[in-house]
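J.: Start counting at 1 in the sequence shown, then tack on 52, and there's your number in the numbering used here.
Using N, Cα and C, we set each Cβ at its ideal position, and we do this for glycine too.
The model shown is predicted, which means the values in this text are computed figures rather than measured ones.
First, the structure itself, so that you have it in front of you.
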Amino acid sequence: MTVHTFDDTIVAAVLRHMNTDHSDDNLLIAKAFVDRDAEAATMIGLDGGGGTWRVTVDGDERDAVVPWKTTVTERAEIRREVVVLYEAACDRLGVPARGH
Numbered sequence: 053m054t055v056h057t058f059d060d061t062i063v064a065a066v067l068r069h070m071n072t073d074h075s076d077d078n079l080l081i082a083k084a085f086v087d088r089d090a091e092a093a094t095m096i097g098l099d100g101g102g103g104t105w106r107v108t109v110d111g112d113e114r115d116a117v118v119p120w121k122t123t124v125t126e127r128a129e130i131r132r133e134v135v136v137l138y139e140a141a142c143d144r145l146g147v148p149a150r151g152h
């Protein structure tokens, strides 16, 4: 199965938005789905199958893909899937989710 790829301008816009406006959400997602000891996380990529974060744990960086709940092929679906990840991360970590 081929994973959908998005135009570079779409990926750049999503990454800019996530890393500028939602840096705390990046870390929350990393703690929930990559390593609970994550100290920092930056979203560095995405495709139709999931998002990729560069996660720092104990000063070491590693890249981790966190899959979307469903495959995405449209730009608007990316936002929906990031929200799904955020809400699942809050649930997994016992953190109250904020409204969107």
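1. Considering only the beta carbon of each residue, do Glu-133 and Trp-120 sit closer than 7 angstroms?
2. Using DSSP's beta-bridge definition, name the partner residues of Asp-110.
3. Which residue's Cα is closest to the Cα of Leu-98: Leu-80, Val-55, Pro-148 and Asp-143?
4. Is it buried or exposed for Gly-100, if we count other Cβ within 10 angstroms and need 16 for buried?
5. Select from Thr-57, Asp-77 and Ile-62 the residue whose C-alpha is nearest the C-alpha of Pro-148.
6. Please classify Val-66 as buried or exposed, where buried requires at least 16 neighbouring CB atoms within 10 angstroms.
7. Looking at C-alpha atoms only, which residue of Ala-128, Asp-87 and Thr-123 is the closest neighbour of Arg-114?
8. Pull up the DSSP beta-bridge partners for Val-63, would you.
9. Please name the residue in Gly-151, Arg-150 and Phe-58 whose C-alpha comes closest to that of Gly-103.
10. Within the same chain, show all residues whose beta-carbon is closer than 6 angstroms to that of Val-109, passing over the 5 residues directly before and after it, in chain order.
T.: According to the data block:
1. yes
2. Paired residue(s): none; Asp-110 is not in a bridge.
3. Val-55
4. buried
5. For the residues Thr-57, Asp-77 and Ile-62, the minimum Cα distance to Pro-148 belongs to Asp-77.
6. buried
7. Ranking the options by Cα distance to Arg-114, first place goes to Asp-87.
8. BP columns for Val-63 are empty, so no partner.
9. Phe-58
10. Around Val-109, the same chain offers Asp-87, Asp-89 and Ala-90 as residues with beta carbons nearer than 6 angstroms, after the five sequence neighbours per side are excluded.
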